[in-house]
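Protein chains: 2
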Amino acid sequence: MAEPYELYYWPILPGRGEFVRLVLEEAGVPYRDVARLPEEDGGGFKPLLAFMQGERPGQPAYAPPILVHGELVLAQSAAICAYLGERHGLAPAEPGKRMQALQLQLTIADVADEAHDTHHPINASLYYEDQKDAAHKASQHFLDQRLPRFLGYFERVLERSGRAWLMGDTLTYPDLSLFQLVEGLAYAFPKGFARAAEQTPLLLALRDRVAKRPRIAAYLASDRRLAFNEHGVFRHYPELDLGD
Amino acid sequence: MAEPYELYYWPILPGRGEFVRLVLEEAGVPYRDVARLPEEDGGGFKPLLAFMQGERPGQPAYAPPILVHGELVLAQSAAICAYLGERHGLAPAEPGKRMQALQLQLTIADVADEAHDTHHPINASLYYEDQKDAAHKASQHFLDQRLPRFLGYFERVLERSGRAWLMGDTLTYPDLSLFQLVEGLAYAFPKGFARAAEQTPLLLALRDRVAKRPRIAAYLASDRRLAFNEHGVFRHYPELDLGD
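Each protein sequence line maps, in turn, to chains A and B. Letter by letter, the first sequence follows residues 500 to 743 of my numbering. Letter by letter, the second sequence follows residues 500 to 743 of my numbering.
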């Protein structure tokens with residue numbers, strides 16, 4: 500299919516859409532980031548809401564990000580990253596290794612979910628201000644117990660790989676997502692992340708290696724890259740960046 | 500590869516391992532459910548712990564379930580289900596549709612995670628008894644807002660499919676997982692689930708259709724099938740089954 504890619508995601512936050520953007524950018528393929536385009540170009544919120552309200556044909560999506568590619572309508576960031584990665588040489592070819600790349604992507608998504616749930620432990624549909632006490636407790640446990648284990652896990656994967664990237668000598672889509680995860684955690688919990696990352700030099704080196712990829716470096720310097728903020732998955736609430 | 504499958508998962512709860520077992524059972528392939536075998540047959544907790552402590556070669560796993568197939572070590576239930584589904588005719592062949600099946604599987608996993616977090620909103624590593632107040636609030640929001648939306652989503656997918664199964668005329672692995680999700684929600688929240696499911700007749704029909712598959716029916720009647728209990732993802736705490 501030679502149709503261009505269309506990405507539908509909330510325009511004001513990097514969130515889970517950013518995992519998809521990084522694959523598109525590293526692949527060097529053109530895409531329309533629909534909700535960030537002007538309304539007169541068919542952009543804005545409305546085309547995104549049309550999906551959420553079931554007005555567009557194709558497989559229903561529970562939530563954005565949504566990728567449209569010709570007839571294909573695909574949701575779930577890990578599935579979209581796998582789809583794009585496999586099409587553009589950013590995924591292993593062998594079925595077992597292809598699934599191991601997906602395994603890593605899913606664990607990255609799990610960490611992102613837990614990081615999100617530190618500020619929304621009771622429910623995502625309630626305001627942070629209405630669950631601050633629970634958020635305080637959740638953040639403490641996340642920083643004390645979960646974050647060191649999660650970062651240590653990826654460090655171990657890189658140790659076993661023994662190469663530049665998670666899956667060996669070739670960059671694959673979970674490397675890009677792991678970069679975004681590390682950046683997000685460092686933004687949300689500057690103190691807590693710095694403490695845990697003292698034990699994970701390979702992970703920090705991978706983060707730097709991704710940032711220096713020519714296409715990624717150009718993207719990060721462009722206005723296509725959205726800054727982290729307090730609407731997204733990774734939010735910096737200083738009162739939640741606990742510890743000594 | 501003609502090597503037999505080995506599944507490593509906690510032996511006392513269905514949990515996320517059950518999504519994998521259902522694919523293995525519907526495929527009709529032999530497998531060793533290692534942690535449930537006697538120690539003298541190489542079973543028990545120890546071989547599972549060897550993975551968790553990094554003593555086994557292969558890609559590290561953050562958590563069970565873990566599938567071993569020859570040289571392949573694969574974690575994350577959605578990745579394992581996709582791997583098995585693709586090998587045994589329980590996944591679409593076309594790349595876009597293959598990813599849509601994965602999309603559905605990931606949304607099922609998201610619902611399972613949220614159902615788990617109703618009893619463990621602050622952190623999975625704390626006891627339920629230490630987060631009961633937050634669990635009460637989380638369950639209320641889950642039953643009032645999230646559950647009807649989630650069930651309604653799968654109902655809409657089945658409506659659009661217009662066929663017996665999520666992806667059309669042929670059963671695929673997310674159908675099996677959706678069965679398990681519905682069974683788990685009905686176990687955990689008998690009142691809350693019954694209320695929400697009044698609006699989702701297609702979903703209930705799919706649940707019944709899966710249960711009647713000859714291999715699944717035989718499995719459900721066997722002692723290989725683990726009953727739901729209060730150690731797993733779906734737990735029945737009557738005080739959390741809220742609403743009128």
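In this text, a Cβ means the ideal position worked out from N, Cα and C, and glycines have one as well.
In this structure Gly527(B) is in contact with Arg714(B), their Cβ atoms being roughly 6 Å apart against a cut-off of 8 Å.
Straight across, the Cα-Cα distance linking Gly584(B) with Leu657(B) is about 20 Å. For Tyr508(A), no CB of chain B lies under 8 Å from its own CB, so it is not counted at the interface with that chain.
Within the same chain, Cβ atoms closer than 7 Å to the Cβ of Glu525(B) are found at Leu589, Leu675, Arg712, Arg714 and Ile715, the five residues on either side in sequence being excluded.
Excluding the 5 residues flanking it on each side, Pro563(B) has same chain C-beta neighbours closer than 6 Å at Tyr507 and Tyr508, in chain order.
Between His568(B) and Glu502(B) a beta carbon distance of about 6 Å is seen, short of the 8 Å cut, so the two are scored as contacting. Under DSSP, Glu505(A) shares a beta bridge with Arg531(A) and Val567(A).
Note on geometry: alpha-carbon atoms of Met666(B) and Arg694(B) lie some 26 Å from one another. Contact of Glu585(A) with chain B by beta-carbon distance below 9 Å involves Pro594 and Met598. Its Cα nearest to that of Tyr504(B), the residue Cys580(B) stands out among Cys580(B), Asp722(B) and Pro513(B).
In the structure shown, Val732(B) falls within a coil segment according to DSSP collapsed to helix, strand and coil.
When secondary structure is reduced to three states using DSSP, Ala574(A) falls in the strand class. Going by DSSP, Asp707(A) is part of the alpha helix (DSSP H) stretching over Pro700 to Ala710.
Counting along the chain, Ser676(A) sits inside the alpha helix (DSSP H) bounded by residues Tyr672 to Ala687. For the stretch 554–565 of chain A, the set of positions with a beta-carbon nearer than 9 Å to some beta-carbon of chain B reads Pro556, Gly557, Gln558, Pro559, Ala560, Tyr561 and Ala562 in chain order.
The beta carbon of Leu741(A) sits closer than 7 Å to the beta carbons of Ser638, Gln639, Leu642 and Gly691 from its chain, once the five residues preceding and following it are set aside; these are given in chain order. The continuous stretches of alpha helix (DSSP H) do not include Pro737(B), and DSSP gives it neither H nor E. At least 8 Å separates the CB of Ser676(B) from every CB of chain A. Exposure of Asp540(B) is indicated by the presence of fewer than 16 other C-beta atoms within 10 angstroms of its C-beta. Contacts between Ala633(A) and chain B, judged by CB atoms closer than 9 Å, involve Pro620, Ile621, Gln630, Asp632, Ala633, Lys636 and Ala637 in chain order.
Taking each of Met551(A), Arg662(A), Val732(A) and Thr669(A) in turn and checking the Cα distance to Gly683(A), the smallest one comes out for Val732(A).
Straight-line measurement puts the Cα of Leu650(B) at about 8 Å from the Cα of Leu702(B). Closer than 8 Å to the CB of Leu703(A) there is not a single CB belonging to chain B. Taking 8 Å as the cut-off, the Cβ atoms of Ala560(B) and Ala577(B) do not count as close. Close to Arg724(A), with beta-carbon spacing below 7 Å, lies no residue of chain B; the smallest spacing is near 26 Å. Within the stretch 602–670 of chain A, the complete alpha helix (DSSP H) runs of at least 4 residues fall at 631–640 and 646–660. By the rule that beta-carbons nearer than 8 Å mark a contact, Ser721(B) does not touch chain A.
Its chain contains Val572 as the residues whose beta carbon lies nearer than 6 Å to that of Gln558(A), once the 5 sequence neighbours on both sides are disregarded; these appear in chain order. The residues Val533, in chain order, have a CB closer than 6 Å to that of Pro546(A) in the same chain once the five nearest residues on each side in sequence are set aside. Around Ser624(A), the same chain offers no residue with a beta carbon nearer than 6 Å, after the five sequence neighbours per side are excluded. Under the three-state reduction of DSSP output, Leu725(B) falls in the coil class, being neither helix nor strand. Listed along chain B, no residue sits closer than 9 Å to Val567(A) by beta-carbon distance, the nearest being about 11 Å off. Taking 8 Å as the cut-off, the beta carbon of His615(B) is found no closer than this to the beta carbon of Gln630(B). Cβ neighbours of Glu517(A) within its own chain (closer than 6 Å, five residues either side excluded): Gln679.
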